[in-house]
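Residue numbers (this note's numbering), protein chains in the order written: chain D, 203 to 445; chain G, 203 to 445.
Number of protein chains: 2
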Amino acid sequence: MYKQLIPNLSVDSIVFGFDSVQLKVLLIKQDIIHKGITYHDYKLPGDIIRKDEDIDTASKRILKELTGLQNIFMKQLSAFGSLDRLTRRPRDLSWLISINHPDERVITIPYFSLINLTQDHLALTSKACWTNVDNVSALSMIFDHKEIFEFALESLRNELRTKPIAFELLPPKFSLSQLQKVYEILFEINLDKRNFRKKILSLNYIVPLKEKETGVKHRPALLYMFSQDIYQKLKTQNFDFTI
Amino acid sequence: MYKQLIPNLSVDSIVFGFDSVQLKVLLIKQDIIHKGITYHDYKLPGDIIRKDEDIDTASKRILKELTGLQNIFMKQLSAFGSLDRLTRRPRDLSWLISINHPDERVITIPYFSLINLTQDHLALTSKACWTNVDNVSALSMIFDHKEIFEFALESLRNELRTKPIAFELLPPKFSLSQLQKVYEILFEINLDKRNFRKKILSLNYIVPLKEKETGVKHRPALLYMFSQDIYQKLKTQNFDFTI
DNA sequence: CCAAAAGTGTTAGGAGTACACCCATGA
DNA sequence: TCATGGGTGTACTCCTAACACTTTTGG
Chain D
203 MYKQLIPNLS VDSIVFGFDS VQLKVLLIKQ DIIHKGITYH DYKLPGDIIR KDEDIDTASK
263 RILKELTGLQ NIFMKQLSAF GSLDRLTRRP RDLSWLISIN HPDERVITIP YFSLINLTQD
323 HLALTSKACW TNVDNVSALS MIFDHKEIFE FALESLRNEL RTKPIAFELL PPKFSLSQLQ
383 KVYEILFEIN LDKRNFRKKI LSLNYIVPLK EKETGVKHRP ALLYMFSQDI YQKLKTQNFD
443 FTI
Chain G
203 MYKQLIPNLS VDSIVFGFDS VQLKVLLIKQ DIIHKGITYH DYKLPGDIIR KDEDIDTASK
263 RILKELTGLQ NIFMKQLSAF GSLDRLTRRP RDLSWLISIN HPDERVITIP YFSLINLTQD
323 HLALTSKACW TNVDNVSALS MIFDHKEIFE FALESLRNEL RTKPIAFELL PPKFSLSQLQ
383 KVYEILFEIN LDKRNFRKKI LSLNYIVPLK EKETGVKHRP ALLYMFSQDI YQKLKTQNFD
443 FTI
């Protein structure tokens, strides 16, 4: 079984989904039986890496197997490799034995992904569920997966603060109010609508379309798109440090 | 020989050193004989990870073995794991065979480190050399090590722009002019002395000492230190996004 | 006293912030 | 016609950027 795998190396995905109201994360339910007691634990979707796939490919494969999603935003985070990460809790060890996991330590490489949840292409397996990120702290997770989740959430916020990726949480065509909501919800702040629009429009790489929202019972918003093209051209190092 | 190692996993170090004039990087000379011709190649210091050490420990061990340095700034970058990374050049393959490297692919985890080069604690091995980062592009490096180096340099600049780490390239007590030079040299810009000092002093976590430079033939500068303590206390999320 | 780098204030322009009302649509 | 969120402008404040001379030290 493990002949074509690298037994010491896995990838884990932290898939963040945004539904205009909450930030959610994709978790897998994992019941663990230990000393006769059943524990309802959660884990991140992940898998051991195959010998014949590179690590980005492995991460894409797992995400596709789980959600059917392809070609979505994905960023590698730094690896988690402490010696005892699989065996800190006795019940995790029981579970590893029950699935015949080889007695090897595993270093994992986490990837975070961003998707919009109001789109309809989510064919989840029965054990996968979307969980509000605010509720994760109350769950019990195997191994160091809660630590990895928290690191990923912090990394997501860092990226959001400095890179144009907020729209990866939105449909390809989005309104400025939707975009504002991403920042408001992820940073738990309120932003002034007029100032926000001024700032975004001054960037020039978020471009208005000739299209409006449909099916809303109020004045429909103009839709915008992110232009990678214009962004790359404008990224002329306006040096600025904020340490 | 490989019994206690994880054959598919290595760490590589990108050690940046600053001498007040240039940014340098620590490279290892590696001659490779291929089809009767000797090539003078370079590589990054690195090693396969042992089964009984976690990845941060591995990186620290290698750095200590090479430079005698301990307790210096170190940050993990994201892994490099394409399938063909060791075998893109025929001569790299020849070299792997000559050192009896097992026929396994290797995923590497890079770490970058920062040190000050005017200090004297550098007991380098004979094959290690400090190279001006501007000269690296002209060198030939094994595997994907040039790519890793460039990624590390870009990451260093990103970190410098957003985190208080510039003084990791300086002695513990430094003058504001030295600090300014770090930014000027790493970003290839000129900064206004008065504005720079105003900005740095307004941060409050770079604190003046009661000590001055010695042994200079001009007016001696007041020395400063970075206070991790004050920094942590002040880091009260002043939200600000610059995408 | 000369050379070299340290240290210091002010002003003008631009960016960020605070703030309130009319508009377009569906029900 | 009502409810809902979309869309807009201005004034004030604060931060940033530009700019030149005096001070301290060693030789």
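For each residue, glycine too, the CB sits at the ideal point set by N, CA and C.
DSSP beta-bridge partners of residue i
i: arginine 252 of chain D; result: D:Leu207
i: leucine 424 of chain D; result: D:Lys414
i: aspartate 214 of chain G; result: G:Gly248 and G:Pro312
i: phenylalanine 282 of chain G; result: G:Thr310
Buried or exposed (CB count within 10 angstroms, at least 16 for buried), residue i
i: glycine 374 of chain D; result: This sequence places proline at residue 374 of chain D; glycine is not what is there. Exposed: under 16 other Cβ atoms inside 10 Å.
i: phenylalanine 351 of chain D; result: buried
i: phenylalanine 218 of chain G; result: buried
i: leucine 424 of chain G; result: exposed
i: arginine 290 of chain G; result: exposed
i: glutamine 380 of chain D; result: buried
i: lysine 231 of chain G; result: exposed
i: glutamate 349 of chain D; result: exposed
i: aspartate 294 of chain D; result: buried
i: glycine 450 of chain G; result: The structure shown does not extend to residue 450 of chain G, since chain G spans only 203 to 445, so no value can be given for it.
i: glycine 283 of chain G; result: buried
i: phenylalanine 441 of chain G; result: exposed
i: arginine 267 of chain D; result: At residue 267 of chain D the sequence reads glutamate, which differs from the arginine that was named. Under this definition glutamate 267 of chain D is an exposed residue.
i: glutamate 413 of chain D; result: exposed
i: leucine 436 of chain G; result: exposed
i: asparagine 318 of chain D; result: buried
i: lysine 400 of chain G; result: exposed
i: valine 409 of chain D; result: exposed
i: glutamate 390 of chain G; result: exposed
i: aspartate 243 of chain D; result: buried
i: isoleucine 251 of chain D; result: buried
i: glutamate 370 of chain D; result: buried
i: tyrosine 204 of chain G; result: Reliability of the predicted coordinates at tyrosine 204 of chain G is poor, the pLDDT of 43 falling under 50, and the value obtained from them is presented with this limitation in mind. Counting Cβ neighbours within 10 Å, tyrosine 204 of chain G comes out exposed, since fewer than 16 surround it.
i: threonine 327 of chain G; result: exposed
i: proline 312 of chain G; result: buried
Alpha helix (DSSP H) segment containing residue i, residue limits
i: glutamate 364 of chain D; result: What sits at residue 364 of chain D in the sequence shown is threonine, not glutamate. Residues 347–364.
i: leucine 378 of chain D; result: 378–389
i: aspartate 258 of chain D; result: 257–269
i: aspartate 336 of chain D; result: Note, aspartate 336 of chain D: premise wrong, no alpha helix (DSSP H); not H, not E.
i: aspartate 431 of chain D; result: 430–436
Boundaries (first-last residue) of the beta strand (DSSP E) holding residue i
i: phenylalanine 275 of chain D; result: 275–278
Reduced DSSP category for residue i - H, G, I as helix; E, B as strand; rest coil
i: isoleucine 408 of chain D; result: strand
i: lysine 400 of chain D; result: helix
i: phenylalanine 441 of chain G; result: coil
Would you list, in sequence order, the uninterrupted alpha helix (DSSP H) runs of no fewer than 4 residues that lie entirely inside the stretch 292–331 of chain D?
292–300
Taking only runs that begin and end inside the stretch 216–243 of chain G, name each unbroken beta strand (DSSP E) of 3 or more residues, in chain order.
225–236
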